[in-house]
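Protein chains in written order, with UniProt numbering: chain Y, 1 to 305; chain D, 1 to 417.
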């Protein structure tokens with residue numbers, strides 16, 4: 001696959017009566033993509049790395065070199081610890097609650113019937129909603145004065161709690177919104193993968209007397225292994241970047257109890273115009289992402305072996 | 001033939017560039033009110049009509065105005081005229097050499113209209129950088145009906161102790177004393193701001209900014225947090241205040257579900273807009289009083305907290321930009337904004353045309369104020385200002401000690417000194 005791709009450009013040059021060594025041809029063809037990648041990905045990362053050693057408010061050029069002070073402050077900051085814990089919590093919920101739920105629903109709904117298609121669409125709808133819109137919507141759901149929480153409380157004859165204003169309940173409440181918002185996406189990936197399993201295979205297992213559960217466990221799941229790996233990767237990286245859903249819900253509150261890593265970066269880096277400090281946060285986040293990507297690659301290789 | 005066409009079009013293109021006299025002036029702001037936006041556009045068209053060759057382009061930026069501006073000001077094509085809250089952000093912009101001074105470009109008349117306070121607010125290192133336009137003051141808005149019902153006399157709230165007693169009395173009567181929006185943080189900060197300017201006074205504030213006497217970790221500022229906590233201990237805020245933003249809090253007050261809200265003059269309109277009925281409280285039900293005096297205060301109870309907003313000019317701004325803004329601020333023009341009640345103009349001549357009695361009274365308060373302190377999240381800069389907002393929200397839910405709160409502000413301020 002790769003060799004046929006890389007050979008074709010060389011052939012084109014030969015046709016024009018001009019021969020370019022293969023390495024040079026590759027370089028020429030890769031250059032535009034590399035320039036773009038360097039300008040918009042590598043360079044900003046290097047810039048952020050440099051800025052993270054400065055105390056800089058974003059005006060003029062950074063001039064006050066402070067060494068590792070931004071990183072030291074970060075470790076001391078109690079809210080950063082909260083942000084790390086919360087992000088960890090979101091990852092756990094995404095992996096161990098959201099994905100199994102999506103998988104279960106996918107197994108129930110992957111066959112092409114009219115009802116299944118309708119329900120699938122319904123479950124996929126939250127994913128299509130903009131994050132901010134979803135946040136505002138749930139803000140209303142959770143509102144104990146006017147929202148649905150209030151109505152339910154009234155039905156039960158109790159004062160509804162303000163879950164978004166409660167430091168211990170706020171993260172579980174956000175996790176509910178998160179699962180509601182994204183399970184449909186993961187479900188769709190599973191459905192696509194499940195539909196690719198040849199019917200004969202399942203048929204054969206059934207003829208061999210395998211129970212429903214055994215078919216799932218030993219035929220379907222192994223067949224969609226790579227889809228599961230992809231969703232797990234999406235779930236983890238999505239959790240690491242979670243931010244825009246939380247702003248309309250709680251703005252990181254109450255008292256920074258629902259900050260995520262990116263939320264922390266926004267509150268303490270961007271809105272306070274502490275570009276150097278914010279860069280330090282983003283470098284830490286970047287390193288976490290690199291570790292995740294490496295672990296993922298290794299796991300994938302092991303799985304394929 | 002082809003060549004000729006090309007040459008002709010090229011020449012005409014160059015000529016157009018060389019002889020074009022159109023001067024483009026871009027104005028950026030983040031005003032929201034549709035009526036005000038329309039009036040701003042009308043002003044621009046009127047000016048253009050009498051100044052051929054000048055094009056005024058008024059652009060509204062979004063909620064992230066302050067951060068967007070930092071980028072666009074440093075781009076190759078910065079806007080000419082920028083809506084500004086002055087304060088520490090202005091200082092940073094001046095320090096970075098991004099702004100154009102208006103010294104010698106505006107008349108003594110325009111300067112006089114802004115008054116000493118207005119000129120001071122936009123002066124850095126002896127140079128004037130902007131034209132002040134409007135002022136605001138944070139006051140306690142209160143619901144007269146709910147006060148009557150609980151038997152609290154607003155006059156008894158002229159001292160902080162009296163205020164706390166009144167809050168307790170309102171609570172006993174089963175009334176929520178205060179509407180609060182802790183999710184947005186800045187509504188909570190008004191309490192810390194006011195307590196700080198009462199206790200430290202003008203000179204104390206200025207010393208703290210410079211890091212003298214322990215800076216913002218000094219005794220007055222710890223005391224401000226302690227007094228704030230005394231209030232929070234009474235649980236005076238509406239249910240769910242930690243999850244409520246300003247719109248929700250102003251609606252709670254507008255719906256008559258809380259007796260008071262500490263908020264700027266804009267709350268007059270916002271409490272109506274955000275109420276369930278859209279009408280809020282009637283003018284008869286509505287009253288306001290200034291922030292009470294605090295025992296052992298070094299400031300005076302006539303000191304005010306609020307804003308002085310105006311317009312500043314980027315380095316690249318043409319002379320026409322300054323001329324346009326000076327024209328825009330003429331009493332006959334700016335009074336149209338006052339008449340419609342969009343804001344209180346700093347120009348007393350224009351303020352006379354305020355139709356709203358509440359705004360009129362507030363305009364008088366500010367002009368009589370010995371010290372009009374700017375909102376801390378502006379005057380202290382985004383870093384320390386952000387810290388004030390953060391710790392204030394924490395003080396409403398008693399999640400931080402007064403000492404830690406003061407220290408957090410000082411730590412953030414230290415980064416900017």
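Even for Gly, the Cβ is constructed at its ideal location relative to N, Cα and C. As the structure is a prediction and not an experimental result, all values here were calculated from the model.
Item	Value
Cutoff 7 Å: residue 92(D) Cβ touching any chain Y Cβ	yes
The region 174 to 194 of chain D: positions lying closer than 9 Å to chain Y by Cβ	182, 183, 184 and 185
Rounded separation between residue 188(D) and residue 117(Y) - CA only	49 Å
Residue 386(D) at chain B interface by Cβ criterion, 7 Å	Reference to chain B is not applicable here, since the protein chains of this structure are Y and D.
Members of the region 147 to 175 of chain Y near chain D, C-beta cut-off 7 Å	162, 164 and 165
Cross-strand partners of residue 306(D) (DSSP beta bridge)	137(D) and 374(D)
Members of the region 247 to 277 of chain Y near chain D, C-beta cut-off 7 Å	250, 251, 253, 254, 255, 270, 271, 272, 273 and 274
Residue 240(D) at chain Y interface by Cβ criterion, 7 Å	yes
Under 7 Å between C-beta atoms of residue 295(D) and residue 301(D)	no
Cβ pair count under 8 Å reaching 3, the region 103 to 111 of chain Y against the region 193 to 207 of chain Y	yes
Boundaries (first-last residue) of the beta strand (DSSP E) holding residue 261(D)	260 to 264
Extent of the continuous alpha helix (DSSP H) to which residue 71(Y) belongs	69 to 76
Residue 72(Y) to residue 350(D) span [Cα, whole Å]	52 Å
Distance between residue 95(D) and residue 330(D) (C-alpha atoms, nearest Å)	30 Å
Exposed unless 16 or more other CB atoms sit within 10 angstroms - verdict on residue 220(Y)	buried
Contacts of residue 58(Y) in chain D (Cβ-Cβ under 7 Å)	70
7 Å Cβ cutoff met for residue 406(D) and residue 222(D)	yes
As assigned by DSSP and simplified to three states, the class of residue 201(D)	helix
CB-CB length for residue 144(Y) against residue 153(Y), believed under 8 Å	7 Å
Alpha-carbon to alpha-carbon, residue 134(Y) and residue 245(Y)	7 Å
DSSP state of residue 120(D) mapped onto helix, strand, coil	helix
Pairwise C-alpha distance: residue 280(D) and residue 403(D)	39 Å
Cβ-Cβ separation, residue 264(D) to residue 306(D) (assumed contact under 8 Å), whole Å	6 Å
Residues that residue 67(D) contacts on chain Y, provided the C-beta gap is smaller than 9 Å	58, 270, 271 and 273
Enclosing alpha helix (DSSP H) for residue 51(D) [first to last residue]	Per DSSP, residue 51(D) belongs to no alpha helix (DSSP H) and is neither H nor E.
Among 257(D), 266(D), 234(D) and 198(D), nearest to residue 359(D) - alpha-carbon criterion	266(D)
Inside the region 120 to 206 of chain Y only - alpha helix (DSSP H) runs reaching at least 4 residues	131 to 142, 148 to 156 and 170 to 195
Buried versus exposed, by CB contacts within 10 Å (16 or more), residue 153(D)	exposed
Span of the beta strand (DSSP E), counted from its first residue to its last, around residue 176(D)	Neither: residue 176(D) is in no beta strand (DSSP E) and is coded neither H nor E.
Span separating the alpha-carbon of residue 178(Y) from that of residue 26(D)	41 Å
At least three beta-carbon pairs within less than 8 Å, the region 222 to 235 of chain D to the region 245 to 261 of chain D	no
Closer than 7 Å to chain D by CB, residue 55(Y)	yes
Rounded straight-line distance, which links the Cα of residue 205(D) to that of residue 298(D)	10 Å
Coil, strand or helix - residue 42(Y) by DSSP	helix
C-beta contact flag for residue 87(D) and residue 374(D) at 7 Å	yes
Burial state of residue 277(D), where buried means 16 or more other Cβ atoms lie within 10 Å	exposed
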